[in-house]
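In this note's numbering, the protein residues as written are 63 to 299.
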Amino acid sequence: MVMAPGRRKLTAPLIEDLHLPDLTDADPVTIRAGGHHEAQRYTDADLSERELADTVFTECAFDGVTAGDADLRGARFLETSVARLTAPVLRASRSTWRDARLAGSRLGAVELDGADLRSVAITGSKLTYVNLRTASLRDVAFTDCVIDELDLTQAEADRVALDGCTVGTLLIDHARLRHVDLRGAELRTISGVDALRGAVLSSAQAADLAEAFAAHLGITVSDEPAPRGPSRSGRGR
Numbered sequence: 063m064v065m066a067p068g069r070r071k072l073t074a075p076l077i078e079d080l081h082l083p084d085l086t087d088a089d090p091v092t093i094r095a096g097g098h099h100e101a102q103r104y105t106d107a108d109l110s111e112r113e114l115a116d117t118v119f120t121e122c123a124f125d126g127v128t129a130g131d132a133d134l135r136g137a138r139f140l141e142t143s144v145a146r147l148t149a150p151v152l153r154a155s156r157s158t159w160r161d162a163r164l165a166g167s168r169l170g171a172v173e174l175d176g177a178d179l180r181s182v183a184i185t186g187s188k189l190t191y192v193n194l195r196t197a198s199l200r201d202v203a204f205t206d207c208v209i210d211e212l213d214l215t216q217a218e219a220d221r222v223a224l225d226g227c228t229v230g231t232l233l234i235d236h237a238r239l240r241h242v243d244l245r246g247a248e249l250r251t252i253s254g255v256d257a258l259r260g261a262v263l264s265s266a267q268a269a270d271l272a273e274a275f276a277a278h279l280g281i282t283v284s285d286e287p288a289p290r291g292p293s294r295s296g297r298g299r
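What follows is the structure, given as structure tokens:
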């Protein structure tokens with residue numbers, strides 16, 4: 063995409079490879095709310111309906127997790143990878159994700175409102191509703207994901223990219239975007255086009271959104287012939 067002179071060059075998310083230390087296999091039963099777990103590996107963990115608010119995971123790995131309606135509000139995932147996570151509802155409001163990876167997961171309602179995401183990669187996942195309202199995102203990449211509804215209302219997003227993704231509805235009302243690359247996503251509906259400042263679209267995406275842009279600017283787009291005025295025949299007789 064050719065950018066107009068004087069415009070700031072797009073910066074991609076800065077996400078480095080995650081290198082974990084030697085991990086100790088651990089029983090997920092030992093996970094407690096408010097606890098600090100470091101260098102642990104959890105395999106086929108069932109955290110469904112567990113109260114795990116404010117729990118901290120540092121340099122941990124999850125491979126196969128069921129977490130339906132688990133309470134992870136305020137939890138911290140630091141240099142941690144999560145693979146094959148399934149949950150109809152994941153409650154993780156105000157959680158922190160730094161140098162974290164989420165892969166091959168299927169999630170329904172993901173409650174990440176007020177969350178803090180830094181250097182996060184989400185790949186190959188199916189997400190029904192992702193609530194990132196008022197969240198802060200920096201260096202976040204969605205790759206090969208299907209997202210029915212991505213809600214960034216009032217969020218702050220810097221260096222965020224979607225690549226190979228399908229997004230049914232993108233809500234960005236009152237969001238603050240900077241270096242947000244949407245070119246790799248199939249976007250079906252966008253709410254809050256006035257907040258697109260700071261985002262990058264492809265020319266095809268811009269054409270698809272022309273009607274929404276026109277509506278926002280109060281422009282009527284019509285191919286109907288202009289109405290004719292009253293006949294002037296007979297005047298002066």
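A virtual CB, placed ideally from N, CA and C, is assigned to each residue, including glycine.
Quick caveat: nothing in here was measured; it's all calculated off a predicted structure.
Suppose the cutoff is 7 angstroms on Cβ atoms and the five residues either side in sequence are ignored; what does the same chain contact list for residue i look like?
i	result
residue 80	141, 143, 161 and 163
residue 235	215, 253, 254 and 257
residue 116	95, 96, 136 and 137
Could you give the distance in angstroms between the alpha-carbon of residue i and the alpha-carbon of residue j?
i	j	result
residue 98	residue 119	6 angstroms
residue 135	residue 156	6 angstroms
residue 102	residue 77	22 angstroms
residue 126	residue 273	43 angstroms
residue 68	residue 149	The predicted model places residue 68 with a pLDDT of 45, which falls under 50 and marks its position as unreliable, so this point remains unresolved.
residue 253	residue 92	43 angstroms
residue 74	residue 262	11 angstroms
residue 131	residue 267	36 angstroms
residue 191	residue 197	15 angstroms
residue 207	residue 285	37 angstroms
residue 82	residue 166	19 angstroms
residue 195	residue 94	27 angstroms
residue 228	residue 290	45 angstroms
residue 265	residue 72	16 angstroms
Here's the rule: buried if 16 or more other CB atoms are within 10 angstroms of the residue's CB, otherwise exposed. What is residue i?
i	result
residue 201	buried
residue 183	buried
residue 86	exposed
residue 250	exposed
residue 176	buried
residue 123	buried
residue 106	exposed
residue 173	buried
residue 84	exposed
residue 154	buried
By Cβ distance below 8 angstroms, which residues in the same chain neighbour residue i in space, the five residues on each side in sequence not counted?
i	result
residue 88	99, 102, 103 and 104
residue 259	239
residue 248	227, 228 and 229
If I measure Cβ to Cβ from residue i and keep anything under 6 angstroms in the same chain, skipping five residues before and after, which residues do I get?
i	result
residue 218	198 and 238
residue 178	158 and 198
residue 145	125, 165 and 166
residue 128	108, 110 and 148
residue 212	192, 229 and 232
residue 186	165, 166 and 206
What whole-angstrom Cβ distance do residue i and residue j have, given they're in contact under 8 angstroms?
i	j	result
residue 223	residue 243	4 angstroms
residue 246	residue 230	Their Cβ separation, rounded to whole angstroms, is 16 angstroms, which puts residue 246 and residue 230 out of contact at 8 angstroms.
Would you say residue i lies against chain C (beta-carbon separation less than 8 angstroms)?
i	result
residue 97	Of the chains in the structure shown, none is chain C; there is only one protein chain.
Jot down the residue ranges of each uninterrupted beta strand (DSSP E) in the region 113-140, minimum 3 residues, whole runs only, in chain order. As summarised for the region 113-140, the continuous beta strand (DSSP E) elements at least 3 residues long and confined to that stretch are 118-120, 123-128 and 138-140, given in chain order.
Completely contained beta strand (DSSP E) runs for the region 201-231, where each covers 3 or more residues: Every beta strand (DSSP E) of 3 residues or more that sits fully in the region 201-231 is shown, in chain order, as 208-213.
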